[in-house]
Amino acid sequence: MMQEELQERINSSKAQICVVGLGQVGLPVALSFCNVGFVVRGLDVDKDHIELLKNGKSPFEEPILEEMLIKSRKEERFFPTLDQNAIAESDVIIVCVPTPISKEIKPDLSLLKNACDTISRFELKNKLIVIESSIPPKTFESMILPSLSGDKTTNIFASYVPERLSPGQAFEEINTTPRVIGARDQKSRDVTYDLYKKIIKADIFKTSPIVAETCKLVENTFRDVNIALANEIAMICERYDIDVLEIQKICNSHPRVNLLTPGPGVGGPCLPKDPYLLLNPQDSEQIDSKIISNARKINDYMPSHVFHLIENTLKEQNKEIKNSTITILGTAYKGNVSDTRYSPSEKIASLLLETCSNVKINDPHSKISFGAKYEENISKAIKNSDVVVILTDHDEYKNINLQEMKKDMNDDPILIDTRRIFDKEIAENVGFTYVSIGYNNKGIKNNYSLLK
Ligand code: SAJ
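Using the numbering used here, read the sequence shown as starting at 56 and increasing by one per residue.
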């Protein structure tokens with residue numbers, strides 16, 4: 056099959072697609088293609104995951120995902136499978152496997168390398184291979200292309216199209232966010248463009264693989280650095296006993312300022328590691344950085360800052376962490392998702408557990424406990440606690456009745472609201488000691504000294 060033939064199959068939605076890796080990116084991508092009429096095979100190595108999907112059950116929370124899954128299964132457009140022959144049976148292969156960092160804070164591309172090695176065992180002539188996973192600059196040229204096809208590279212179409220979706224808004228963002236294609240040659244670019252314009256109602260930039268790789272990582276680094284700035288300004292505001300959200304509101308009325316929102320730290324599968332991918336190009340030495348690496352340090356420090364806020368607030372009441380009952384509300388890395396990867400809650404729970412044996416934890420979206428005592432019910436989690444620490448802005452927490460919560464807790468209750476879901480005055484009127492990040496915490500000590 057020549058380029059024109061493949062393009063014709065794509066344009067008429069007759070091309071068969073195989074998505075490798077059915078996680079928070081791969082699954083929405085697969086179902087988005089099903090939704091515009093393609094038949095998609097979803098290849099994954101996790102047997103339980105495949106079984107769930109075959110039964111129309113979503114393995115994680117994502118709005119409309121389950122509906123889309125059930126519809127695609129019913130229409131016989133989506134085929135989750137463990138069978139690698141799905142690669143041979145498809146015209147287009149889209150790789151969406153995770154690319155985490157190792158304990159040594161280096162890119163771990165082993166899952167991606169395995170996926171490429173598996174794909175390369177099949178005849179790939181005239182097929183289109185697309186990589187969506189985040190990768191360090193130069194990876195596409197120096198690792199992916201060689202591992203896909205050795206010296207047969209001239210016969211395949213290949214592109215790097217980084218994913219850009221935010222979990223919790225996956226389908227909407229696939230549809231409406233501009234994308235970038237970094238293709239290995241003109242033919243690959245044309246075929247890839249025809250494929251993605253089927254699901255994207257926004258601009259599609261065409262460029263080289265290294266530009267596409269770098270753009271993806273710069274976007275997430277930009278966000279990480281800007282959150283770090285907001286976090287550092289929040290800790291400065293605590294020293295001045297002023298409210299960072301008031302600062303944010305007024306400063307953001309300036310036409311060229313957009314201060315982000317401070318919080319207990321930066322979690323999730325992307326932001327905590329993509330800056331490191333940017334600084335670790337494939338096959339070259341790590342690049343030295345000042346702003347990017349210090350931003351990472353500030354965001355990584357935030358869980359300790361929350362811990363100190365808890366400790367120092369208890370001290371003000373002549374209490375100690377070790378004799379207190381502490382409830383954590385939220386293990387997911389952000390509101391209304393179930394993902395707990397790199398969540399700041401994990402570090403905060405482990406710091407508390409070092410001295411306190413009564414740490415309870417709740418999350419309506421996840422059963423992860425991080426070593427604390429998991430309580431499925433929010434009221435039970437709060438019952439007889441001295442301190443409630445809100446770490447995730449789930450809607451369920453926004454609906455908590457503060458009067459009821461006060462009644463359930465021990466005397467002199469403390470509310471550490473790191474996501475600002477409650478109003479300080481209201482909480483104080485109910486009888487809480489209310490403490491937050493970047494706030495007038497009435498002299499509660501702030502231990503921030505990172506850059507000393
Ligand atoms: N956060 C703050 N303050 C803010 C914004 C976020 O503390 O003002 C925290 C969140 O609580 C969370 C973390 O940052 O712990 C990350 O959340 P997020 O909503 O910023 O981003 P993700 O990780 O869910 O998705 C990001 C998005 N990237 C950008 O916005 C530049 C998404 O578009 C990417 O596709 C995704 O990473 C990815 O997969 O790379």
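Just so it is clear, CB atoms sit at the ideal spot from N, CA and C, and this is done for glycine as well.
Small disclaimer: the values here were computed from a predicted structure and weren't measured.
Any non-hydrogen atom of ligand 1 closer than 7 angstroms to residue i Cβ
i	result
Arg-96	no
Cys-325	yes
Glu-187	no
Arg-234	no
Arg-396	no
Pro-222	yes
Asp-355	no
Val-275	Residue 275 is actually Asn in this sequence, not Val. At least one heavy atom of ligand 1 is nearer than 7 angstroms to the Cβ of Asn-275, so yes.
Leu-364	no
Glu-218	yes
Gly-78	no
Arg-294	no
Ala-482	no
Leu-124	no
Leu-315	yes
Arg-64	no
Asp-478	no
Tyr-494	no
For residue i, three-class secondary structure by DSSP
i	result
Gln-372	coil
Ile-236	strand
Thr-247	helix
Val-361	helix
Asp-103	helix
Gln-71	strand
Between the CA atoms of residue j and residue i - distance to the nearest angstrom
i	j	result
Met-290	Lys-112	43 angstroms
Cys-73	Asp-138	11 angstroms
Leu-407	Phe-226	37 angstroms
Gly-320	Asp-279	10 angstroms
Cys-151	Val-94	17 angstroms
Arg-294	Leu-470	20 angstroms
Gln-224	Ala-387	16 angstroms
Asn-391	Lys-422	14 angstroms
Ala-267	Ser-214	10 angstroms
Thr-269	Leu-77	24 angstroms
Ile-305	Glu-375	38 angstroms
His-449	Ile-455	11 angstroms
Phe-260	Arg-234	6 angstroms
Ala-257	Thr-194	27 angstroms
Ile-236	Pro-217	8 angstroms
Given residue i as reference, the closest of the options once Cα atoms are compared
i	options	result
Asn-286	Gln-303, Ala-85, Glu-430	Gln-303
Ser-197	Gly-493, Gln-372, Pro-336	Pro-336
Thr-410	Val-266, Gln-241, Lys-377, Glu-218	Lys-377
Gln-58	Asp-240, Arg-475, Ser-344	Asp-240
Ile-255	Thr-262, Asn-230, Arg-244	Asn-230
Leu-183	Leu-250, Pro-153, Lys-193, Pro-118	Leu-250
Anticipated Cβ contact below 8 angstroms, residue i with residue j, distance rounded
i	j	result
Ser-400	Leu-446	5 angstroms
Ser-145	Arg-96	6 angstroms
Val-444	Ile-365	6 angstroms
Val-414	Ala-427	4 angstroms
Tyr-331	Pro-162	7 angstroms
Leu-108	Pro-135	4 angstroms
Asn-417	Leu-384	6 angstroms
Cutoff 8 angstroms: residue i Cβ touching any chain B Cβ
i	result
Asp-418	Reference to chain B is not applicable here, since this structure consists of a single protein chain.
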